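Protein sequence lines, in the order shown, are assigned to chains Z and S. Reminder that position 184 of the first sequence reads as 186 in our numbering, one-by-one numbering, no gaps. Reminder that position 147 of the second sequence reads as 149 in our numbering, one-by-one numbering, no gaps. For reference, the structure discussed in these notes is given below.
2 protein chains.
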Amino acid sequence: MVGLGGLYFYFGGDPDTARAIEGFGMGASCVALFSRVGGGIYTKSADVGADLVGKVEAGIPEDDPRNPGVIADNVGDNVGDVAGMGSDIFESYCGAMIASIAIAATIDNTGMMALPLALASLGLLASILGIIIVRVFSKADPGTALRTGTIGSAILFIIAAYFLIQMILTENAVNTWLAVLAGAVGGVIIGLITEYYTGSKPVEKIAKSGETGPATVMITGLSVGMQSVVLPILVLATIILVSTSLVGLYGVGIAAVGMLATVGITMAIDAYGPVADNAGGIAEMSGMGSETREITDSLDELGNSTAAIGKGFAIGAAALAALAIIAAFVETVAHNRGSFELLLSDPRVLVGMFIGISIPFLISSITMTAVGDAAFDMINEIRRQFREIPGLLEGNAEPDTAKCVDIATSAALKRMLLPGVIAVSAPAVVGFGLGPESLGGMLGGGLIGCVSMALMMANAGGAWDNAKKFIEKGNLGGKGTDTHSAAVVGDTVGDPFKDTSGPSMNILINVMAIVSLVISPLL
Amino acid sequence: MVGLGGLYFYFGGDPDTARAIEGFGMGASCVALFSRVGGGIYTKSADVGADLVGKVEAGIPEDDPRNPGVIADNVGDNVGDVAGMGSDIFESYCGAMIASIAIAATIDNTGMMALPLALASLGLLASILGIIIVRVFSKADPGTALRTGTIGSAILFIIAAYFLIQMILTENAVNTWLAVLAGAVGGVIIGLITEYYTGSKPVEKIAKSGETGPATVMITGLSVGMQSVVLPILVLATIILVSTSLVGLYGVGIAAVGMLATVGITMAIDAYGPVADNAGGIAEMSGMGSETREITDSLDELGNSTAAIGKGFAIGAAALAALAIIAAFVETVAHNRGSFELLLSDPRVLVGMFIGISIPFLISSITMTAVGDAAFDMINEIRRQFREIPGLLEGNAEPDTAKCVDIATSAALKRMLLPGVIAVSAPAVVGFGLGPESLGGMLGGGLIGCVSMALMMANAGGAWDNAKKFIEKGNLGGKGTDTHSAAVVGDTVGDPFKDTSGPSMNILINVMAIVSLVISPLL
Numbered sequence: 003m004v005g006l007g008g009l010y011f012y013f014g015g016d017p018d019t020a021r022a023i024e025g026f027g028m029g030a031s032c033v034a035l036f037s038r039v040g041g042g043i044y045t046k047s048a049d050v051g052a053d054l055v056g057k058v059e060a061g062i063p064e065d066d067p068r069n070p071g072v073i074a075d076n077v078g079d080n081v082g083d084v085a086g087m088g089s090d091i092f093e094s095y096c097g098a099m100i101a102s103i104a105i106a107a108t109i110d111n112t113g114m115m116a117l118p119l120a121l122a123s124l125g126l127l128a129s130i131l132g133i134i135i136v137r138v139f140s141k142a143d144p145g146t147a148l149r150t151g152t153i154g155s156a157i158l159f160i161i162a163a164y165f166l167i168q169m170i171l172t173e174n175a176v177n178t179w180l181a182v183l184a185g186a187v188g189g190v191i192i193g194l195i196t197e198y199y200t201g202s203k204p205v206e207k208i209a210k211s212g213e214t215g216p217a218t219v220m221i222t223g224l225s226v227g228m229q230s231v232v233l234p235i236l237v238l239a240t241i242i243l244v245s246t247s248l249v250g251l252y253g254v255g256i257a258a259v260g261m262l263a264t265v266g267i268t269m270a271i272d273a274y275g276p277v278a279d280n281a282g283g284i285a286e287m288s289g290m291g292s293e294t295r296e297i298t299d300s301l302d303e304l305g306n307s308t309a310a311i312g313k314g315f316a317i318g319a320a321a322l323a324a325l326a327i328i329a330a331f332v333e334t335v336a337h338n339r340g341s342f343e344l345l346l347s348d349p350r351v352l353v354g355m356f357i358g359i360s361i362p363f364l365i366s367s368i369t370m371t372a373v374g375d376a377a378f379d380m381i382n383e384i385r386r387q388f389r390e391i392p393g394l395l396e397g398n399a400e401p402d403t404a405k406c407v408d409i410a411t412s413a414a415l416k417r418m419l420l421p422g423v424i425a426v427s428a429p430a431v432v433g434f435g436l437g438p439e440s441l442g443g444m445l446g447g448g449l450i451g452c453v454s455m456a457l458m459m460a461n462a463g464g465a466w467d468n469a470k471k472f473i474e475k476g477n478l479g480g481k482g483t484d485t486h487s488a489a490v491v492g493d494t495v496g497d498p499f500k501d502t503s504g505p506s507m508n509i510l511i512n513v514m515a516i517v518s519l520v521i522s523p524l525l
Numbered sequence: 003m004v005g006l007g008g009l010y011f012y013f014g015g016d017p018d019t020a021r022a023i024e025g026f027g028m029g030a031s032c033v034a035l036f037s038r039v040g041g042g043i044y045t046k047s048a049d050v051g052a053d054l055v056g057k058v059e060a061g062i063p064e065d066d067p068r069n070p071g072v073i074a075d076n077v078g079d080n081v082g083d084v085a086g087m088g089s090d091i092f093e094s095y096c097g098a099m100i101a102s103i104a105i106a107a108t109i110d111n112t113g114m115m116a117l118p119l120a121l122a123s124l125g126l127l128a129s130i131l132g133i134i135i136v137r138v139f140s141k142a143d144p145g146t147a148l149r150t151g152t153i154g155s156a157i158l159f160i161i162a163a164y165f166l167i168q169m170i171l172t173e174n175a176v177n178t179w180l181a182v183l184a185g186a187v188g189g190v191i192i193g194l195i196t197e198y199y200t201g202s203k204p205v206e207k208i209a210k211s212g213e214t215g216p217a218t219v220m221i222t223g224l225s226v227g228m229q230s231v232v233l234p235i236l237v238l239a240t241i242i243l244v245s246t247s248l249v250g251l252y253g254v255g256i257a258a259v260g261m262l263a264t265v266g267i268t269m270a271i272d273a274y275g276p277v278a279d280n281a282g283g284i285a286e287m288s289g290m291g292s293e294t295r296e297i298t299d300s301l302d303e304l305g306n307s308t309a310a311i312g313k314g315f316a317i318g319a320a321a322l323a324a325l326a327i328i329a330a331f332v333e334t335v336a337h338n339r340g341s342f343e344l345l346l347s348d349p350r351v352l353v354g355m356f357i358g359i360s361i362p363f364l365i366s367s368i369t370m371t372a373v374g375d376a377a378f379d380m381i382n383e384i385r386r387q388f389r390e391i392p393g394l395l396e397g398n399a400e401p402d403t404a405k406c407v408d409i410a411t412s413a414a415l416k417r418m419l420l421p422g423v424i425a426v427s428a429p430a431v432v433g434f435g436l437g438p439e440s441l442g443g444m445l446g447g448g449l450i451g452c453v454s455m456a457l458m459m460a461n462a463g464g465a466w467d468n469a470k471k472f473i474e475k476g477n478l479g480g481k482g483t484d485t486h487s488a489a490v491v492g493d494t495v496g497d498p499f500k501d502t503s504g505p506s507m508n509i510l511i512n513v514m515a516i517v518s519l520v521i522s523p524l525l
């Protein structure tokens, strides 16, 4: 916010220098790429490695201090869920504002250029008020407190935004406000749909299918994940239709800003999940006893629900932000070339679309394999320590936790290179090789592919995770039954789905879009 | 062929009555919908049901005559693989020819209108010659014979097509021939890529991952499936780029005709798989002993490989055919409205694309659930028969096989209704509700979504199936090990992937495209 505000103050008055802001967005995207993709590989390799050797092979409880991988696992929760999610949303936020400013710049309207930043500042204030609300209500049920705070700050923002927009814009003020409203409301609805698919009925159905073995858990979970794509995409389509019919393509950008405005409180709540999870880990490691662990477990459950809402929200925001950047890309190319059209019946556009849809599949495949390979290294190291450090399992010796952190870090950095290179180079290769028409098509195909794959993987993964938790609470026979081990298989497949490959999709489309925008004057 | 030729003879001379031919295509699509979706549900519910109760619960071998579900299982192989595949390719074939004729009709070129049918007749002759080649070589290794026949007939067709096109077309003859060549060669390459991903290294990798349990089998298989999307899509993109740059959008249609021309021999070889499989079933049921079974098993293996190539081929052909129909749709709407453009930056088109991409996910989800539910009914019926018919397991009583066939049939018909209704009604709802721009966008999004999902599911399913077979041949410990049971989980998930949901995608996009073409004059 401060960075973008400063840049805008410095360059933003003149539409021609708005390009400096695009550079800022590309920086944000690269950080997000590191945090989200690298973080995703880090957190899951540590998680899978520590759990598999610790819980399954050595038979010690989760988060036991004797396990050398436990520190890497807990660090991973922060790297993946807090830093990863934060940079993901930060990237979408920057993307939405940059795209809105860029579109406003092409029609030379300074009021419209200033509005995204003004709305963002307002949203920040509303978030701070929301956090105060959470503190006031915190004596009550933690779930209610978090919900009241989120909804409260959203309502405050919407009301205040009405007056702010009236002040800044000379025309189309009400329509612009309605676009902001569509974005904010749409974001909440997508979050609630995500909560439905990763909770309640679909989860119980997956858990129930565990009675006939792991294969049916997989089929049901994949089927739930695929089904969960439909409604959020229809909500996104509605937001696009409403916001563009009100204020044109600028509407998509401003709707994304509206969706992301109260992001302060969403991220604070999202950070809640890993904090609760780590609190549980620390309680276990310091031997605080089962009562403390029960409290932290119940907090952890709430954390999973807020994380699911946050993920749905992040996907919706990333989609709108990417779409706004793509619109800015089309405007910029058209501005420089005189005429530029992306006709779906143009073979160059079609070819681009085919290339675009294949990229999310390729990146998902690479990141999923990366988790498997990194976890394998981690497993070997933990096994080695259990074997070679005398007295480790008896609790008489210290594990070499630093070594495990090191393995996870270097594996994550090494294996995020290829997806990163593909994301950054694909727009350049297609743009310079096949032309801007194919690049535009690629962004279109990539956008719808990334959004649907992100939704499918995040929701299937979340649903599998919660199906396992549902059984662990004592339903359908509880822990130790065949039904439970079938659900564990689902959860293990779901981990890279929801924490590595799925979130990578948000970054992927935004990186591709912003790289395209940056290279657009050269095409 | 005869049907289409007759219609063309009757109506085709006059471009305005070409619409009667479109009706024929819609009929072909509806038949394909029944055979492929219904057949897919039929074959897999019977397969899963018979195997689960027979092999796992009752402990009797596969295809044992005491199992009441065995007849339904063997019938299912024909329904799904022969009738389903046949009608799938027939639909693409009709689609490609109809679209080529429709595009040629808009520019009023009778030579171009007649060419698709002429090429198809030529392809039929080449196929018959190919089958003769197979018979000549059949003394040698059956794999070599099949391969020589396929490649031989393709080469014969390509050479003869050159002279045929020179005779029919007055201009652009060489370019048109090159488009046909691009389609024919591209189809073979896609088939070979499919063979790679469902054989050799990827399969061994999946089998190897079985050593660490079913979860890693799932992750590796999904990752292989996702990766396998990339190359065939790039081949498709190349075919589109080459053929359109040579002869415009007509090129896509004629390339699809070229790809499908030698379909006679492909389908004959594809039918080989189920025939070999059923031969094994009959050998087992009639108690012919293990030697006969070994021969049929080795034939069955070859059948799986030809089926995989056939599936890759079917997906590529369906994609090109659908694209050609979509192009014909755009031309028809433009023809009637004076001006009609599908701009990717038009929000209506974008909204259509988002709706389009969600449909393959929805249909995949529905068909996967349908298999699970239908298999559940089948399992209960087989269990009931084992329980209630005295002396059945001892071989002293006849099982009520008709009842099982009946259950599979009615389940398939009942559960294919919803996907069928969605496929037929979606274009009408979007077309009349949001306009032809959104419908065009929906077809574009649906096309790339269907192609990528079809490739992912078909190849992941095929790879899982062969990974299981690889272990059963004695690798990695062979049957009865934990590695084998992990691979069985993969195969069970892969069954609805490769035989129900995956192939449904081909039909889905063609049905949506042809319905759009038929309603296009009303928009």
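Using N, Cα and C, we set each Cβ at its ideal position, and we do this for glycine too. None of the values given here were measured: they were computed from a predicted structure.
Sequence-distant Cβ neighbours of residue 411/Z in its own chain, meaning closer than 7 Å and more than five residues away, are 44. At a beta-carbon threshold of 9 Å, the residues of chain S lying near residue 222/Z are 370, 371 and 374, ordered along the chain.
Closest in C-alpha terms to residue 360/S, from the list 236/S, 334/S and 446/S, comes 446/S. For a Cβ distance threshold of 9 Å, residue set 343, 345, 346 and 347 of chain Z lies close to residue 343/S, ordered along the chain. For residue 345/S, the pairing in a beta bridge is given by DSSP as 345/Z.
Per the C-alpha coordinates, the member of 480/S, 61/S and 56/S positioned closest to residue 73/S is 56/S.
The C-beta of residue 444/Z comes no closer than 8 Å to any C-beta of chain S. Comparing alpha-carbon positions, the option among 494/S, 184/S and 510/S lying closest to residue 216/Z turns out to be 494/S. If you draw a straight line from the Cα of residue 516/Z to the Cα of residue 100/Z, it comes to about 10 Å. Counting along the chain, no alpha helix (DSSP H) covers residue 109/S, and no H or E run does either. At a cut-off of 8 Å between C-beta atoms, residue 523/S does not count as an interface residue with respect to chain Z. Within the same chain, and ignoring the five residues on either side of residue 353/Z in sequence, the residues whose Cβ sits closer than 8 Å to its Cβ are 436, 440 and 443. In the pairwise beta carbon analysis, the segment 178-192 of chain Z is classified as touching the segment 156-163 of chain Z: at least three pairs are separated by under 8 Å.
The beta carbon of residue 234/Z is closer than 6 Å to those of 192, 195 and 457 in its chain, skipping five residues each way along the sequence. When Cβ-Cβ separations below 8 Å define contact, residue 168/Z makes no contact with chain S.
Membership of residue 416/S in the alpha helix (DSSP H) is indicated by the continuous run 403-417.
Using a Cβ-Cβ cut-off of 8 Å, residue 114/Z is close to nothing in chain S; its nearest Cβ partner there is about 18 Å away. Taking 8 Å as the cut-off, the beta carbon of residue 510/Z is found no closer than this to the beta carbon of residue 349/Z. Secondary structure note for residue 149/S: its alpha helix (DSSP H) is the uninterrupted segment 144-170.
Contact check between the segment 202-217 of chain Z and the segment 466-476 of chain Z: three or more CB pairs, one atom from each, fall below 8 Å, which counts as touching. Residues of chain Z whose Cβ lies closer than 7 Å to the Cβ of residue 239/S are, in chain order, 353, 356 and 357. Taken through DSSP and simplified to helix, strand or coil, residue 362/Z comes out as helix. Shortest Cα-Cα distance from residue 200/S to any of 500/S, 518/S and 505/S involves 500/S.
Under the DSSP assignment, residue 475/S falls outside any alpha helix (DSSP H); it carries neither an H nor an E label.
Contact with chain Z is found for residue 366/S, since one of that chain's Cβ atoms lies less than 8 Å from the residue's Cβ. One Cα belongs to residue 322/S, the other to residue 522/S, and the distance between them is close to 20 Å.
Counting only residues of its own chain and dropping the five nearest sequence neighbours on each side, residue 396/S has no CB closer than 6 Å to any other CB. Residues of chain Z with a Cβ closer than 7 Å to the Cβ of residue 217/S are, in chain order, 491, 494 and 495. In this model, residue 496/S and residue 197/S are separated by some 16 Å (Cα to Cα). Residues of the same chain with a CB within less than 7 Å of the CB of residue 415/S, apart from the 5 flanking positions on each side, are 40 in chain order.
When C-alpha distances from residue 38/S are compared across 422/S, 172/S and 48/S, the shortest belongs to 422/S.
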